[in-house]
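First residue of the sequence shown: 1, per the numbering used here; consecutive thereafter.
Step one of this worksheet: look at the structure below.
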Amino acid sequence: MDSLKPYLLQADARLSEYPVLVKFEKQTKVPKVYVAALLYVVYSVSIFFEIGAGVTTNVFALAYPIYAALNASVNEGLDQLKLWALYLGLFGIWSTVELTIGIWGPYVPFYYVIKTLVLGWLFVPHYNGIAKVADIVRPHVQLMFKQKKQE
Numbered sequence: 001m002d003s004l005k006p007y008l009l010q011a012d013a014r015l016s017e018y019p020v021l022v023k024f025e026k027q028t029k030v031p032k033v034y035v036a037a038l039l040y041v042v043y044s045v046s047i048f049f050e051i052g053a054g055v056t057t058n059v060f061a062l063a064y065p066i067y068a069a070l071n072a073s074v075n076e077g078l079d080q081l082k083l084w085a086l087y088l089g090l091f092g093i094w095s096t097v098e099l100t101i102g103i104w105g106p107y108v109p110f111y112y113v114i115k116t117l118v119l120g121w122l123f124v125p126h127y128n129g130i131a132k133v134a135d136i137v138r139p140h141v142q143l144m145f146k147q148k149k150q151e
């Protein structure tokens, strides 16, 4: 256990940046590192063994983005809100396609792992994938609305 101590301290310092986790730890007396590790294990088992993987990936793909979109609407401004609106729109498209061809999902190897990685890349601020997608999508959408306006 001593060999894990530096990693636990590093994870604890990183998790301390989130007031919700600090408050949770104070109220329950359960270290936030243990809670994070438990959530990670439950999520991983759910995804890899496809036990409730659809619900689990949807919670993963919506929990933080909805929080961030609400936070952007109150604090950060219009640019961040536009990115979160684009993300939620792309998630809606993904979900619609998934419902349409949903019977084939379980037959695609590691489908839920791929879904988690793609959606995580889109919304995790470190990767800023949604901004990269926005740079690709924005010119096409603007062109579409310009043509519609001219008609």
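Note that the Cβ used here is the ideal one computed from N, Cα and C, for glycine as well.
Quick check on DSSP: helix, strand or coil for residue i?
i, result
"H140", "helix"
"N128", "coil"
"K29", "coil"
"G52", "coil"
"Y112", "helix"
"D12", "helix"
"L4", "coil"
"I103", "helix"
"E152", "Residue 152 cannot be examined here, being either before or after the span of the chain that is shown, 1 to 151."
"G34", "Note that residue 34 is Tyr in the sequence shown here, rather than Gly. DSSP places Y34 in helix when its eight states are reduced to three."
"Y40", "helix"
Report the residue from the options whose alpha carbon sits nearest the alpha carbon of residue i.
i, options, result
"L182", "Q80, V137, N58 and I101", "Since the displayed the chain opens at 1 and closes at 151, residue 182 lies outside it and no answer follows."
"L90", "G52, R138, S3 and V20", "R138"
"G92", "A61, H126 and L78", "A61"
"V33", "Y127, D12, A134 and G77", "D12"
"A36", "L8, Q27, A131 and I136", "L8"
"L15", "Q27, P31 and D2", "P31"
Tell me whether residue i counts as near the ligand GTP, meaning its Cβ is closer than 8 Å to at least one heavy atom of that ligand.
i, result
"S46", "Ligands are entirely absent from the displayed structure, and the ligand GTP is therefore not among its contents."
Fully enclosed by the region 42-89, which alpha helix (DSSP H) runs are 4 residues long or longer? 53-71
Does the region 77-95 come into contact with the region 14-25, if we say contact requires no fewer than three beta-carbon pairs (one atom in each stretch) closer than 8 Å? no
Would you say the region 95-105 touches the region 38-46, given that touching needs at least three Cβ pairs under 8 Å? no
Cβ contact check for the region 45-57 and the region 106-113: 3 or more pairs under 8 Å: yes
Any chance the region 57-74 sits against the region 117-128, with 3 or more Cβ pairs inside 8 Å? yes
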